[in-house]
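Contents: one structure, followed by commentary.
2 protein chains.
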Amino acid sequence: MITIQDLFWLIPSASVLALIFAGIFFYRMKAQDEGNEVMKMIARHVRSGAMAYLRQQYKIVAIFFVLITVVFAFLAYCLHIQNPWVPFAFISGGFFSGLAGYIGMKTATYASGRVANACRHSLDAGLQIAFRSGAVLGLTVVGLAMLDIGAWYWVLDWFYGDMELSMRLVVITTTMLTFGMGASLQALFARVGGGIFTKAADVGADLVGKVEAGIPEDDPRNPATIADNVGDNVGDVAGMGADLYESYCGSILASAALGAAAYMAVPEMAIKAVLTPMLIAALGTILSLLGVYAVRVKRGASQTELMAALNRGINLSSFLIAIASAFLLQLIGLDNWAGIWGAIVTGLAVGIVIGKSTEHYTSHDSYPCRKIAHSAKTGPATVIISGIGIGMISTCIPVITVVVGTVLAYGLASGDWHFTGAEMSKGLYGIGIAAVGMLSTLGLTLATDAYGPISDNAGGNAEMSKLDPEVRRRTDALDALGNTTAATGKGFAIGSAALTALALLASYIEELKISILHWSEATGNTIYKINDAVSVEVSKISTASLSDFMGYFQVTLMNPKVLMGLFVGAMMSFMFCGLTMNAVGRAAEKMVKEVRRQFKEIKGILTGEAEPDYVRCVEISTAGAQHEMIWPSVLAVITPICMGIVFGVPGVFGLLAGGLASGFVLAVFMANSGGAWDNAKKYIEQGHVGGKGSESHKAAVIGDTVGDPFKDTSGPSLNILIKLMSMVAIVTAGVNIAVTLF
Amino acid sequence: MITIQDLFWLIPSASVLALIFAGIFFYRMKAQDEGNEVMKMIARHVRSGAMAYLRQQYKIVAIFFVLITVVFAFLAYCLHIQNPWVPFAFISGGFFSGLAGYIGMKTATYASGRVANACRHSLDAGLQIAFRSGAVLGLTVVGLAMLDIGAWYWVLDWFYGDMELSMRLVVITTTMLTFGMGASLQALFARVGGGIFTKAADVGADLVGKVEAGIPEDDPRNPATIADNVGDNVGDVAGMGADLYESYCGSILASAALGAAAYMAVPEMAIKAVLTPMLIAALGTILSLLGVYAVRVKRGASQTELMAALNRGINLSSFLIAIASAFLLQLIGLDNWAGIWGAIVTGLAVGIVIGKSTEHYTSHDSYPCRKIAHSAKTGPATVIISGIGIGMISTCIPVITVVVGTVLAYGLASGDWHFTGAEMSKGLYGIGIAAVGMLSTLGLTLATDAYGPISDNAGGNAEMSKLDPEVRRRTDALDALGNTTAATGKGFAIGSAALTALALLASYIEELKISILHWSEATGNTIYKINDAVSVEVSKISTASLSDFMGYFQVTLMNPKVLMGLFVGAMMSFMFCGLTMNAVGRAAEKMVKEVRRQFKEIKGILTGEAEPDYVRCVEISTAGAQHEMIWPSVLAVITPICMGIVFGVPGVFGLLAGGLASGFVLAVFMANSGGAWDNAKKYIEQGHVGGKGSESHKAAVIGDTVGDPFKDTSGPSLNILIKLMSMVAIVTAGVNIAVTLF
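As given, the protein sequences belong to chains A and B, one line each in that order. So for the first sequence, full-length UniProt numbering puts the first residue at 1; every next one is plus one. So for the second sequence, full-length UniProt numbering puts the first residue at 1; every next one is plus one.
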């Protein structure tokens, strides 16, 4: 008979397996030929730019981390209102997330030149290298996440070994949850900084290069072109990786915490519920690896066949996970295994539906994109109007999908289809499990995501090193595919962020409970005075049902604190977007000025006789990103803390729920509008509505430029905002409780 | 000793007074000279176009009203799950709102020609006519609203005369609240239809006339120019009037219902609490009338003096209301009169702060507008990016203001600064009173709003009838002033909609309670089964505190139904905006085609030898608006009903709160972005950043065109959406209860 303790070893094993394969893929890729001297030089430029940026970003992040760790240490060791593990958990989360981003980006910058070179031979050779290099990021993210989770679980289980099991699990899981904040903060900087970097370079390069000087994209005469290619790496590889690293950890840890609470009465079930999300993730990792090997094309494959190959990989993994998790759950022997399995499948389905919906609204031959393209006949204003209109309408399907998915996951896991609140903990556990299910294919989906910018960079390399046009045509085919996977990947990232944030919101309650117990232990107080009217015995709190608990804290929608939290939460999403949009605008303006200066001052750039100063442009984007990322990040961290101090627990709940609901919808809108503008432009470039160079095309280029910060800076940054605010609330739950007391 | 019954007569008296003065202002205006034959002809064109549109709109509205009334009658008289007064209340609300819009627009279309003519003599003569004509709308709106409210109160008080007082008040106020839905639906059509009409004409006229043909604004050679002028009337006069009519009624009625509930235990206080909002409104009406007379300028006044005159009127009225309401409240003798007075002053202050914030972000020499204007140097894309960025950031102050205002109003009225929930009814009553306080100056603020489009049309008339350029310069001065008042008016409309919607959300609970009592009476059931786990005795429900009541229905933020309602509510705001944006896009496209056709087919238009077919353009805008207004309206009505059926009361609460929070923020963003783009363009036209005709100017014109549907269609329509959804929920509360039962 296999015990749950035996199964635990699946977690480190899957982690090590993922890391080993990541290493293999990396060294195999590096063994490939990087092409001629020009190609090597360009790849080196991009690589050194990307690494220089990452160093700068990590410096800023390090300052933040040191400051916050000091605060946490003070709260934990001097005031005793913070879990003593928090400072370490915080640092470890941030460190592993940063490491994953670093490895992913290093791989991507080594790979793109090699992909370009492989495309000199055949399309399928290019695909193979690009995709396997993307898989390095995917596998590193899941491998490191599980390593961190597994190690912490093991350490804490040993440390609290003499505690009674169900209480031990509650303590372990609520402690582990706090390491999510480290990952979250790292992700925020990666997404916001990377997003600003990439779009400042892109917008700057387009505005002066394409529009003013009339030179094509990726032309080596454009001084911002290297910065643009660097941007693809820092934004789409490192940023996306950090974002999903956070969702992945967040969903697993939140589910574990919810599981410990839901099955508290039956310790042997509780440990199963805690380990289930980790085991599903381990299973997903192994099966994703199989999926990576399923992505194969025969020599001379067409673009449709490439797409089919990628889809085959993802479908196969999803299908295998759906089947295998049923067996795994039976093996674990968790109560209501069929319901939990239903939640996993629901999560997988939500991911697929949101991906398909994103594809519908943003793929270049879809009705919405064609509509935008046709509105270009009446100029840029109508392009913008119809793009915004379509983006806003496109929020419907993802929201309905998440709503239906959440209700299904809750109902299936709790068996309480009337939502009476009696089985609320189990229902919320189901929501967490759905998020874990959705993210279980992450090793593979992240590979297809990272594949996009690698191919994009390969195209840039081919263009700049003036390879045969046939090579560029091949890299373009890879890139077109990458655009589709990037769009669906964005939908996947947003959808998983929403589910993860829901699970985090739910686990905030568990964190509050444990904080009250901690406070009671520290002060010897046995009555917890929530406000003038309500006092509760601490002993009742530890076993209180979630609905009772919400009642104590008056987290009802008519409490003005909750309502005001909702308003501020909704406003936060918009403020955050506004700040990042303006940041891109400002940084892009500096880039435009620099490019114009170089065109004017360095004679012979446009004739190709002199080399532009690429490094200066990379520096400008780096400085812009570095400078502009600080204020939005501070806002995201400070707001939940202030809300907790001013309006207490109900205000924080309102803030998180309001931020989540409107942030999710806003993120979908911005990502889809941006994607649709991009592909409307591509549709025109294919010769429709006047074709390249027509007035319609110019109008569509303006739409695309507006869409750049929409889809690559502000929209994706919202994913982090909604998770980070929950994480900050979770970590400062002890402070919230303390503030309410004194 | 004056009793509260004696004071009641203030309400009809103020109403009649307002209507008499509206009549006097109207006939005095009509007695003015309308100018030469050309001017008369143009005014006639605009008038007949506006009236033709209004007839079409009312036809569609009538169909909707008949259908909905039949459904209400069926629910009330056949299924007995609806208050039997609802069909009548619904119709009366719609009728009076429509009548106010009709009178306001008739006045505006008579006035603009006369304003143009008066400007041939002097600026101050023009201001006087324009402002007094605007006051006709303001006074008609408040007069008719109070007439309707007063009459219903009187009839219902007589009808339920033998019922015990405090119960009678609950029944009366919850019944009266349902007439808000009639006003709300009428307002929706006016705002959405009017918004689509005006922007289809405006965008169409600009794109072909200004951009393609290079002829100035309001040029008689542009076939869409009459439609554009008609649009100002149907969008900004009739639409704005209906919007604020609804807020005005909604805030008074919601406060009355909340007052009846809050003081239920003490009947003599309850009647005071019910009549207080109506009496404040009556007082406000009388003092607004004084304010109208304070807007006077001496002969030959400058633009600054005009602005000072308008501000003097509003400041004087606000100040007088703040003073006089203190005396009134003491006279009424309501408990905690100082707290209630504080809520009124808070409301007034919220209105002023939001107005100032809007002015800051949208006035043409403010920092944000200048920033957008400077970003025009790098083309239209950066104009759009910075406009969106600034609009999003501009949501901060209004949201914080509403949050602080709501918390203050709640705390002052309830005295419960810890928000324990013990005095929740009184606190929510305070929020309603704050909305009433904010709207108490409506007679005057609406006059300054309607003044804008009247001056705008006067400018159009002067241009088309080729009057002396000096006349146009004078109407432009009036118009510039009108733009500022229109921007602050928009902020005021949004802010008041948010406060009103909050009050409506709170009064939804009262409607639920009365529905349960009604159901219990009809079925003889004394136990109300809320769900599998919770059953409550009906006798307990009538006296249950609000927090208990929220507890019964599990309206806590962790109930998945509430969370899902929040998501759908946030999505609804975006969907609704997307639909209206696209509607403008489509209708504008038809207009562009028609104008191009006329330029091509009617020889001699551009040389001024042939007259364009103005009527055809008006017809196109009318047909577009008529066609496009249906789908968003159906969505707004259907969604709360479906949510009630699928997710019950918690789902509806979530929907309303989510829609309110994100709709409010989205509305502020869209209005401010639109206003800022408009004035950035004006700033460039004054000769900055290259001036008129430069590339920067062209880029700014594109920003302005995108901003048109932002600020005049989608943004303002959201005001109605957030109120209408609450109204639908309130009216169908009986159905929600019935659905939960069967």
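Ideal Cβ placement from N, Cα and C applies to all residues, glycine included.
For the set V297/B, Q32/B, G347/B, the Cα lying nearest the Cα of F319/B is the one of G347/B.
Contact annotation for M581/B against chain A: I385, S386, I388, G389, M392 [CB-CB distance below 8 Å, chain order].
If you look at K106/A, you'll find it in the alpha helix (DSSP H) that goes 86-119. Counting only the Cα atoms, F72/B lies some 50 Å from S366/B.
Chain order gives the chain A residues near T395/B as M571, F574, M575, where near means a beta carbon separation below 7 Å. In this structure, the straight-line span from the alpha carbon of G214/A to that of G250/B is close to 57 Å. Taking a beta-carbon distance threshold of 8 Å, N559/B counts as an interface residue toward chain A. Chain B places a beta carbon closer than 8 Å to that of P380/A, counting this residue as a contact. Under DSSP, S535/B takes part in a beta bridge, and its partners are K529/B. Look at the beta carbons and you see the stretch 640-653 of chain A not touching the stretch 258-268 of chain A: under three pairs across the two are nearer than 8 Å. Rounded to the nearest angstrom, the Cβ distance from G113/B to E34/B is 5 Å, consistent with a contact under 8 Å. Against Q554/A, the close residues of chain B are F419, T420, G421, S547, in the order they occur along the chain (beta-carbon pairs closer than 8 Å).
Just so you know, the alpha carbons of Y552/B and E521/B end up roughly 20 Å apart. At a cut-off of 8 Å between beta carbons, L718/A makes no contact with chain B.
The stretch 175-226 of chain A contains, as complete alpha helix (DSSP H) runs of 4+ residues, the segments 179-204 (chain order). Going by beta carbons, G427/B and P560/A fall inside the 8 Å limit. Taking 8 Å as the CB threshold, I638/A stays off the interface with chain B.
Residue environment for V266/B: exposed (fewer than 16 other C-beta atoms within 10 angstroms of its C-beta). The alpha helix (DSSP H) runs lying completely inside the stretch 302-336 of chain A and spanning 4 residues or more are 303-332, given in chain order. Here F74/A is exposed, its C-beta having fewer than 16 other C-beta atoms within 10 Å. Scanning its chain for C-beta atoms nearer than 8 Å, with the 5 sequence neighbours on each side dropped, one finds around A324/A the residues L283, L287, in chain order.
DSSP places A625/A in the uninterrupted alpha helix (DSSP H) bounded by 614-628. The Cβ of F179/B sits no closer than 8 Å to any Cβ of chain A. Between G49/A and L137/A, the C-beta spacing is not below 8 Å. Spatial neighbours of G339/A in its own chain (CB-CB distance under 8 Å, excluding positions within 5 residues in sequence) are listed in chain order as L412, A413, S414, G415, G430.
Under a 10 Å Cβ-count criterion, T445/A is classified as buried, with 16 or more other Cβ atoms of the shown protein chains found around its own Cβ. Note on geometry: alpha-carbon atoms of A450/B and G482/B lie some 8 Å from one another.
Ranked by Cα distance from G194/A, the options Y683/A, A506/A, M167/A, A227/A are led by A227/A. With fewer than three CB-CB distances shorter than 8 Å, the stretch 585-602 of chain A does not count as touching the stretch 681-697 of chain A. With 16 or more other Cβ atoms inside 10 Å of its own Cβ, N229/B counts as buried. Remark: fewer than three beta-carbon pairs, one from each stretch, lie closer than 8 Å, so the stretch 18-37 of chain A and the stretch 84-99 of chain A are not flagged as touching. Exclusion of the five residues before and after I620/A leaves K590, M591, E594 as the residues of its chain whose Cβ lies within less than 7 Å of its Cβ. Between the stretch 179-198 of chain A and the stretch 717-734 of chain A, the count of C-beta pairs closer than 8 Å reaches three or more; the two stretches touch. By the C-beta criterion, the stretch 79-92 of chain A is judged not to be in contact with the stretch 201-211 of chain A, since fewer than 3 inter-stretch pairs fall below 8 Å. In this structure, A587/B keeps its C-beta atom at 8 Å or more from the C-beta atom of M725/B. Taking every protein chain shown into account, the CB of Y528/B has 16 or more other CB atoms within 10 angstroms, so this residue is buried.
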